[in-house]
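Asker: Take 1 as the starting number for the sequence shown in UniProt numbering and just add one per residue.
Heads up, the beta-carbon is just placed ideally off N, CA and C, and yes, glycines get one too.
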Amino acid sequence: MIIFTPMKILIVEDEQKLLETLADSLSKEHFVIETASNCLIASEKIAVYDYDCILLDIMLPDGNGLTLLQQLKDLGKSDNVIIISAKDSLDDKLKGLELGADDYLTKPFHIAELNARVKAVLRRKTLQGRHTVELANVVLDLKERLFWVNNESVALNRKEFDMLNYFLLNKNRLVTKTALAEHVWGDNIDQADNFDFIYYQIKNIRKKLQLSGANIEIEAVYGIGYKLIEKDETAQ
1 MIIFTPMKIL IVEDEQKLLE TLADSLSKEH FVIETASNCL IASEKIAVYD YDCILLDIML
61 PDGNGLTLLQ QLKDLGKSDN VIIISAKDSL DDKLKGLELG ADDYLTKPFH IAELNARVKA
121 VLRRKTLQGR HTVELANVVL DLKERLFWVN NESVALNRKE FDMLNYFLLN KNRLVTKTAL
181 AEHVWGDNID QADNFDFIYY QIKNIRKKLQ LSGANIEIEA VYGIGYKLIE KDETAQ
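(1) Buried or exposed for Asn151, please, with buried defined as at least 16 other CB atoms from any protein chain shown within 10 angstroms of its CB.
(2) Check whether the region 9-20 and the region 45-58 are in contact - that is, three or more C-beta pairs closer than 8 Å.
(3) State the Cα-Cα distance for the pair Asn80 and Val175, rounded to the nearest angstrom.
(4) Which whole-angstrom value describes the C-beta separation of Asn137 and Asn215, a residue pair presumed to lie in contact below a C-beta threshold of 8 Å?
(5) If distances are taken between C-alpha atoms only, which option among Thr21, Glu160, Ser212 and Ser27 comes closest to His110?
(6) Just to confirm the assignment, what range does the alpha helix (DSSP H) spanning Phe147 have?
(7) Are Leu135 and Phe147 closer than 8 Å when you measure CB to CB?
(8) Can you round the beta-carbon distance between Ile82 and Val121 to whole angstroms, since I take them to be within the 8 Å contact cut?
(9) Tell me whether Ile216 sits in a helix, a strand or coil according to DSSP, three-state version.
(10) In chain order, what residues of the same chain have a beta carbon less than 7 Å from the beta carbon of Asn64, not counting five sequence neighbours either side?
(11) Can you confirm whether the region 220-228 touches the region 164-173 when touching is taken to mean that 3 or more C-beta pairs between the two stretches lie within less than 8 Å?
(12) So for Gly63, helix, strand or coil by DSSP?
(13) Using DSSP's beta-bridge definition, name the partner residues of Asp57.
(14) What is the rounded straight-line gap between the Cα of Val32 and the Cα of Gln70?
(15) Which whole-angstrom value is the C-beta distance of Lys8 and Tyr51, which I expect to be below 8 Å?
(16) Where does Gly100 fall in DSSP's three states?
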């Protein structure tokens, strides 16, 4: 049985409606969400738990979010923080980045934009500065946009490459059709009547994985989406 740990996100925000909207949106992406509405609660959480990404409001009812960012820096946890604030101050932005924040987003913002920023942070965190994604006997070179199986190059079109990249970065996790479409097709997904185009791209990728002898496969989760897993060689 394959066991995986979903990525965990902490949202520190005192505006209740915005907090609920953010939590609901990110939950749909299958992240584990925790929330804090003030500095005290957030401070207690970050002292005890580790998070894959933290959304941090600067203006909080009992203090300044930059104080929390300093605490995170002292704990060595500030490199996965996205500051979200209505205070569009250059000084605050620079201070936040100096303290190790990964990104800065000014309110009001589109939820889609925030989701994109979160995924970018998580990609950088997962890759740890590397330009390749490796699993089993496959290697995806993100810089040169090349795919290798057993050190042999396998041709992928642009969409196939982007989809396989997304799957590898989310290995063993359920990827919904909607999430996959939004990641690969972006805003153009609104023009699609259905997700048949995803099915055909997945079909092509599966065929290339099989023919090249890749020890990974894309499983269908009926009615929901897909999951990329490493093959159990002992079962073959």
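Answerer: This is what the structure gives:
(1) Taking the sequence shown and counting its residues from 1, one reaches residue 151 at position 151. It is exposed - the Cβ of Asn151 has fewer than 16 other Cβ atoms within 10 Å.
(2) Touching, yes, given that three or more Cβ pairs across the two stretches are closer than 8 Å.
(3) Walking along the sequence shown from the start, residue 80 turns up at place 80. Walking along the sequence shown from the start, residue 175 turns up at place 175. Annotation: Asn80 to Val175 spans about 22 Å, alpha carbon to alpha carbon.
(4) In the sequence shown, counting from the first residue as 1, residue 137 sits at position 137. In the sequence shown, counting from the first residue as 1, residue 215 sits at position 215. With a beta-carbon spacing of about 5 Å, Asn137 and Asn215 fall inside the 8 Å limit used to define contacts.
(5) Numbered from its first residue, the sequence shown carries residue 110 at position 110. The shortest Cα separation from His110 among Thr21, Glu160, Ser212 and Ser27 belongs to Thr21.
(6) For the purposes of this step, residue 147 is taken as the residue at position 147 of the sequence shown. Segment Leu146 to Val149 is the beta strand (DSSP E) holding Phe147; no alpha helix (DSSP H) there.
(7) Sequence index remark: in the sequence shown, residue 135 carries index 135 (1-based). Sequence index remark: in the sequence shown, residue 147 carries index 147 (1-based). No.
(8) Indexing the sequence shown from 1 puts residue 82 at position 82. Indexing the sequence shown from 1 puts residue 121 at position 121. Contact holds; Cβ gap of about 6 Å.
(9) Residue mapping note: residue 216 aligns to position 216 of the sequence shown, counting from 1. Residue state, collapsed to three classes: strand.
(10) Here residue 64 is taken as the residue at index 64 of the sequence shown, counted from 1. If we look at Asn64 and ignore the five residues flanking it on each side, its Cβ neighbours are Ile58.
(11) Yes: the two stretches touch, three or more of their Cβ pairs being nearer than 8 Å.
(12) Start at 1 with the first residue of the sequence shown, and residue 63 comes out as number 63. If DSSP states are grouped into helix, strand and coil, Gly63 belongs with the strands.
(13) As a working note, residue 57 is residue 57 in the sequence shown. Answer by DSSP bridge pairing, in chain order: Ile84.
(14) Here residue 32 corresponds to residue number 32 of the sequence shown, with the count starting at 1. Here residue 70 corresponds to residue number 70 of the sequence shown, with the count starting at 1. About 24 Å.
(15) By 1-based counting over the sequence shown, the position of residue 8 is 8. By 1-based counting over the sequence shown, the position of residue 51 is 51. 5 Å between Cβ atoms; contact.
(16) If you number the sequence shown from 1, residue 100 lands on position 100. In the structure shown, Gly100 sits in coil (DSSP, three-state: anything other than H, G, I, E or B).
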